[in-house]
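Protein chains in written order, with my numbering: chain A, 1 to 114; chain B, 1001 to 1111.
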Amino acid sequence: DTEVTQTPKHLVMGMTNKKSLKCEQHMGHRAMYWYKQKAKKPPELMFVYSYEKLSINESVPSRFSPECPNSSLLNLHLHALQPEDSALYLCASSQNRGVDYGYTFGSGTRLTVV
Amino acid sequence: DQQVKQNSPSLSVQEGRISILNCDYTNSMFDYFLWYKKYPAEGPTFLISISSIKDKNEDGRFTVFLNKSAKHLSLHIVPSQPGDSAVYFCAAGGGYQKVTFGIGTKLQVIP
Chain A
1 DTEVTQTPKH LVMGMTNKKS LKCEQHMGHR AMYWYKQKAK KPPELMFVYS
51 YEKLSINESV PSRFSPECPN SSLLNLHLHA LQPEDSALYL CASSQNRGVD
101 YGYTFGSGTR LTVV
Chain B
1001 DQQVKQNSPS LSVQEGRISI LNCDYTNSMF DYFLWYKKYP AEGPTFLISI
1051 SSIKDKNEDG RFTVFLNKSA KHLSLHIVPS QPGDSAVYFC AAGGGYQKVT
1101 FGIGTKLQVI P
């Protein structure tokens, strides 16, 4: 299995809703990432987990809450989002955290906040 | 402040010819550079990388060149094929620093 699987592919949520994005990989990768990408912009790093511990939080608002229940799973819990949070959310994994490991990306979750 | 810049939003090339995608960076701490390819409705796919100790890395039809003094790298695709039509992201980082992505260049290979 050489894939990163993200669910759901599309999500529409209201500003008072609570939802979660899920990401799964079975490649034995020990680093996992959440990126946010808006139209015509590069992917922007949100969080990095290394060996199931949060190692980087890029000053992301607390309405985004990551969770790494085990080495194969990464969740992003969403609560009280704003319309400007609408974006493509990409999960990625790599063998280890060093920059010289190429990332394997999932297809992303297209999030719309209404 | 964009630390990784891809100044050409799009590029069209005839099938069989060379495609050259360019990337500039500003952060002198970057010592590893990567290219990713992205098809619509898919996540980016790792394509090729280069360490700052090298000036060239080749993998089949894909070659990446690095000019450290100019803080410039380029991706050459020879020969270009219609299946290469995608958005190409340049990315850079150093050690355990986060990887920073460019905005992408959309390549269209015309049959």
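Glycine included, every Cβ here is placed at the ideal spot set by N, Cα and C. Computed from a prediction, not measured in an experiment: that's the story for all the values here.
query	result
Within the 7 Å Cβ cut-off, does A/G106 reach chain B?	yes
With a cut-off of 7 Å, does the C-beta of A/P61 fall near any C-beta of chain B?	no
Using a threshold of 7 Å, state whether the C-beta atoms of B/Q1108 and B/S1012 are closer than that.	yes
Given A/V114, which residues of its chain have a CB within under 8 Å of its CB, disregarding the five upstream and five downstream residues?	V12, M13, G14, M15 and P83
If you measure beta-carbon to beta-carbon, which residues of the stretch 1040-1059 of chain B are closer than 8 Å to chain A?	A1041, E1042, G1043, P1044, T1045, F1046, S1049 and S1051
Find the nearest neighbour of A/L45 within the set A/Q25, A/P66, A/L81 and A/A80, judged by alpha-carbon distance.	A/P66
Taking Cβ positions only, does B/K1005 come closer than 7 Å to chain A?	no
Using 8 Å as the Cβ pair cut-off and three pairs as the minimum, do the stretch 21-29 of chain A and the stretch 93-101 of chain A touch?	yes
Is it the case that the Cβ atoms of B/S1052 and B/D1031 are separated by a distance below 7 Å?	yes
Indicate whether at least one CB of chain B lies closer than 7 Å to the CB of A/L45.	yes
Applying the criterion that 16 or more other CB atoms from any shown protein chain within 10 Å of the CB defines a buried residue, is B/I1018 buried or exposed?	exposed
Going by other Cβ atoms of all chains shown within 10 Å of its Cβ, with 16 needed for buried, is B/P1044 buried or exposed?	buried
Quick check: B/T1100 and B/Q1006, are their CB atoms within less than 7 Å of each other?	no
Just the C-alpha distance for B/Q1014 and B/K1037, rounded to the nearest angstrom, thanks.	19 Å
Per DSSP, B/L1073 forms a beta bridge with which residues?	B/C1023 and B/L1066
Would you report the Cα separation of B/K1068 and A/N17, rounded to the nearest angstrom?	48 Å
Quick one: does B/I1103 have its CB under 7 Å from some CB of chain A?	yes
What are the residues in the stretch 70-94 of chain A lying within 7 Å of chain B by C-beta distance?	L90
How many Å lie between B/V1004 and B/P1040 at the Cα?	22 Å
When the Cα atoms are used, what is the spatial distance from A/D100 to B/S1049?	8 Å
Excluding the 5 residues flanking A/H10 on each side, which residues of the same chain have their C-beta closer than 6 Å to its C-beta?	R110
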